[in-house]
Amino acid sequence: MSEKDKMAQEKPDSDHWLVRPENIRKLWIVFIAILALTVLADLFVEHHPHFGLDGTFGFGAWFGFISCVVLVFFSKALGALLKRPDTYYDE
Amino acid sequence: MSDFALPPGLVLMFAGALIPLLPAASRMAVILLAPVATLTLVWQLPDGAILATTYLDYEIIPVSVDALSRLFAIVFCIMAFAGGLFSLRQEKLGELAAAFIYAGSAIGVVFAGDLITVFVFWELMAIASTVVVWMGGASARASGQRYAVVHFLGGVMLMAGIAGEVATTGSTAFHAMEPDSISRWLILAAFLVNAGAPPLSAWLPDAYPAASWSGTVFLSAFTTKTAVYVLLRGFPGADILIFFGLYMVFYGIVYAILENDMRRILAYSIVNQVGFMVTAVGIGTEMALNGAAAHAFAHIIYKALLLMSAGSVLYMTGKSKCTDLGGLFRTMPLTATCGIIGALAISAFPATSGFVSKSMISQAAGDEHLGLVWFLLAAASAGVFLHAGIKFPWFVFFQKDSGMRPKEPPISMRAAMVLMSFLCIYLGLVPGPLYALLPYPVDYVPYTGSHVVFQLQLLLFSGLAFFLLLGFLKRTLTITLDFDWFWRGGGRALAREFNWRGGQAWGALAARYFRACRGFAEALYRHHGPDGILARTRPTGSMTFWMTVMLAAYLVFYLS
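Written out as structure tokens, the structure reads:
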């Protein structure tokens, strides 16, 4: 037990820099900054929309986000019906 | 020159047959040199029908070359080389032999100038690829059997379709057709079976991940992309393909989101990517067909890279479920980096090969004013980043710390991954050479400010959605039922049901029979048993009594 505790205590410092909580927070800040930049970039490029809706401000951003949310929840709903333990076919 | 008369696919097939017979050093040379020799041959083939003969009055053209067949043959050679390099450590030589015969047959299909040649190489592919699946070991036997059944069914449809086509038109030529007769529908159906189209798509995620760590890499490349090739050649602009394609695109995403096994995730994403190509074939404009061909080329490379990365993890850890994996980036940085490059390429991130190929398909949908198709393809592009672009690297290399600290895979496997990563980025930055190989002249510039910004927004906000919804994406030890339930679980459920009903009926029948037997035995016992009326011993006096009664009766009757 004591050994496990010691490992858990040591971990935050000894583990890879990428998994330390303070760095994860920094990564989030950088990520959000990049997201904001890509949307702001819409002000500086000229789009050639085919259909109208695809010419709205930040179209790629909101459309991509909503698509993913819909896909995830649709999958969850389908999964509720069709998921089985992965030993289902084994017997 | 007489050299040209040699169908290039045969070189790989001969090499495949030789591989198990050679000692280690020369085997390695054959594995690496045969694809290079084949590529050289392909490169030198001039356009047109190069070999032609007649057999049973049918015209057979084993080698017929144009830009489309050359493009597919080139990428198949690259794939055979990289796959061979990756598999140098594979001890099951049968797998490599089968894989080379498989690759050679695929090249045979793309150079086939007539339907009979298509059929012959088509079936060779089915046989060789089944062997590749079976080399995955005892656990792959059942999957391989199901794989073989589906593909032989496809083969039967193809044969029937070709027979009908030859009977009605009198020609064996393989050219663009409209699906307007039963035989052509059969041919189209056979092509779609190999593309992984519904309702039989389950063969792909069932069989491919059952193969060994190296076998899956080969399998990912040839069958589905040969199907894309024959659809491009045979049914460009067939509207129904748009529906099949879009179904495949979303089927792949949804099932991959629900999947736990990393190689099955990638297998579902093959169906997804082939869906983009099938949709493009259905749109049928020059831009769309170019897009389908370019996307097939790019896809073979990045999908092989993704499966090499997954194969390396499987080779080093023996595990393939996301629930068992995680945190491997610490000790496998190169494998993780290559996997991420493949994941970015499949997501069509700017500066990767997927960006310059997939965008042609969207562009074609936009140019044709197919609004719904365009929006669905854009949504699917976001979904690709979700299910493959982030999900695969995240759950395998990051996620939680699984505690495993595997080393990087051997040098041959690393070299193959680096080669494929290089190609993904090279084709993304310098699309010119790929565009030059396409069947139609390319008038398309992928890198415009508008397009790059749009794609970055789409993908990065998909990434945001992924991390915000991570709680909903938690991996569980589950599979998701598919149409194959009907021939796997369904058959068994039916058998169980039949067994139960049959048992009931049998029980009732048997009970009635036993009751009848018992009744018979009891009657017998009652009459003939120790107390039975017919088994009684009769005293002499009683006989004398009855004699007297009878004689008296006789006397009475006689006298009266």
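If you're matching them up, the sequences are chains A and B in order.
With the numbering used here applied, the first sequence covers 172 to 262.
With the numbering used here applied, the second sequence covers 38 to 597.
Note that CB positions come from ideal geometry on N, CA and C, so glycine has one too.
Note that the coordinates shown come from a computational prediction; the quantities given were computed from them, not determined experimentally.
Any Cβ of chain B within less than 7 Å of the Cβ of residue i?
i, result
"D261 (chain A)", "no"
"G250 (chain A)", "yes"
"K197 (chain A)", "no"
"T209 (chain A)", "yes"
"F222 (chain A)", "yes"
"G231 (chain A)", "yes"
"K247 (chain A)", "yes"
Should residue i be flagged as near chain A, meaning a C-beta pair shorter than 7 Å?
i, result
"V490 (chain B)", "yes"
"D40 (chain B)", "Residue placement at D40 (chain B) cannot be trusted, given a pLDDT of 46 that sits under 50; the coordinates are not used to answer."
"I290 (chain B)", "yes"
"R525 (chain B)", "yes"
"R367 (chain B)", "yes"
"L662 (chain B)", "The first residue shown for chain B is 38 and the last is 597, placing residue 662 (chain B) beyond what the model contains."
"G403 (chain B)", "yes"
"G408 (chain B)", "yes"
Which same chain residues end up closer than 6 Å to residue i when comparing Cβ atoms and leaving out the 5 residues on each side of it in sequence?
i, result
"T75 (chain B)", "P45, V48, L49, C114"
"N309 (chain B)", "V286, G289, I290"
"A572 (chain B)", "H565"
"P72 (chain B)", "C114, A117, F118"
"R367 (chain B)", "none"
"A317 (chain B)", "A325, G328, A329, I398"
"W537 (chain B)", "none"
"L507 (chain B)", "none"
"I138 (chain B)", "M50, G53, A165"
"G364 (chain B)", "D438, S439"
"S306 (chain B)", "G289, A293, A425"
"M178 (chain A)", "Interpretation of M178 (chain A) is limited by its pLDDT of 47, a score under 50 that renders its predicted location unreliable; no figure is taken from the coordinates."
"V230 (chain B)", "G191, L237"
Along chain A, which residues have their Cβ under 7 Å away from the Cβ of residue i?
i, result
"A415 (chain B)", "F234"
"A419 (chain B)", "G235, S238, C239"
Can residue i be considered in contact with the ligand ATP, in the sense that its beta carbon sits closer than 6 Å to one or more heavy atoms?
i, result
"S394 (chain B)", "Here there are no bound small molecules, and the ligand ATP is not part of this structure."
Among the options, which has the Cα closest to the Cα of residue i?
i, options, result
"G271 (chain B)", "B:I516, B:F386, B:A213", "B:A213"
"R221 (chain B)", "B:A244, B:A197, B:P236", "B:A197"
"A331 (chain B)", "B:I307, B:A275, B:L268, B:S396", "B:S396"
"F202 (chain A)", "B:F551, B:L496, B:D568", "B:L496"
"A248 (chain B)", "B:M172, B:G408, B:R555, B:G578", "B:M172"
"P468 (chain B)", "B:V455, B:P483, B:P478, B:A382", "B:P483"
"F123 (chain B)", "B:F189, B:S251, B:L58", "B:S251"
"I153 (chain B)", "B:A473, B:M454, B:E202", "B:E202"
"P246 (chain B)", "B:Y184, B:V193, B:M450", "B:Y184"
Report the neighbours of residue i on chain B: residues whose CB is nearer than 8 Å to its CB, in chain order.
i, result
"V243 (chain A)", "I294, L423, A502, L506, F509, L510"
"E204 (chain A)", "The question names Glu, but residue 204 (chain A) is Ala in the sequence shown. Near A204 (chain A) there are no residues of chain B at all, since even the closest Cβ is about 11 Å away, more than 8 Å."
List, in order along the chain, the chain B residues whose C-beta lies closer than 7 Å to that of residue i?
i, result
"P256 (chain A)", "L514, T515"
"A212 (chain A)", "V490"
"E217 (chain A)", "S487"
Please state whether the Cβ-Cβ distance between residue i and residue j is less than 7 Å.
i, j, result
"S4 (chain B)", "T372 (chain B)", "Residue 4 (chain B) is absent from the structure shown; chain B starts at 38 and stops at 597."
"A110 (chain B)", "V146 (chain B)", "no"
"A264 (chain B)", "A232 (chain B)", "yes"
"D257 (chain A)", "T515 (chain B)", "yes"
"A401 (chain B)", "I320 (chain B)", "yes"
"L130 (chain B)", "S142 (chain B)", "no"
"M353 (chain B)", "P447 (chain B)", "no"
"I378 (chain B)", "K262 (chain B)", "no"
"R300 (chain B)", "T253 (chain B)", "yes"
"V169 (chain B)", "A135 (chain B)", "yes"
"L295 (chain B)", "G250 (chain A)", "yes"
Could you pull out every residue in the same chain whose Cβ sits closer than 8 Å to the Cβ of residue i, ignoring the five residues on either side in sequence?
i, result
"L518 (chain B)", "G526"
"Q180 (chain A)", "Confidence in Q180 (chain A) is poor, its pLDDT being 47 and thus under 50, which makes the residue's placement unreliable; the coordinate value appears in the next sentence. Excluding positions up to five away in sequence, the list is empty."
"P235 (chain B)", "F281, Y284, M285, Y288, F520"
"M172 (chain A)", "Its pLDDT being 40, under 50, M172 (chain A) is placed unreliably by the model, and the measurement read from it follows with that caveat. Closer than 8 Å at the Cβ level, and outside the excluded window around M172 (chain A), lies no residue."
For residue i, which residues in the same chain have their Cβ closer than 7 Å to its Cβ, ignoring the five residues on either side in sequence?
i, result
"K356 (chain B)", "L362"
"Q492 (chain B)", "A385, P387, F392"
"S417 (chain B)", "Going by the sequence as given, residue 417 (chain B) is Ala instead of Ser. Correct list, in chain order: V286, F287, I290."
"L531 (chain B)", "none"
"V67 (chain B)", "A52, L55, I56, L59"
"W210 (chain B)", "Position check: residue 210 (chain B) holds Ala in this sequence, whereas Trp was assumed. Result list for A210 (chain B): D151, in chain order."
Just to make sure I have the definition right: I need the residues of chain A whose C-beta is within less than 8 Å of the C-beta of residue i. Which are they?
i, result
"N297 (chain B)", "D257"
"S499 (chain B)", "G235, F236, S238, C239"
Listing by chain order, which chain A residues have their CB less than 9 Å from the CB of residue i?
i, result
"L518 (chain B)", "L252, L253, K254, R255, Y259"
"W411 (chain B)", "H221, F222, D225"
Measuring only between beta-carbons, confirm whether residue i sits less than 7 Å from chain E.
i, result
"Q127 (chain B)", "This model lacks chain E altogether, as its protein chains are A and B."
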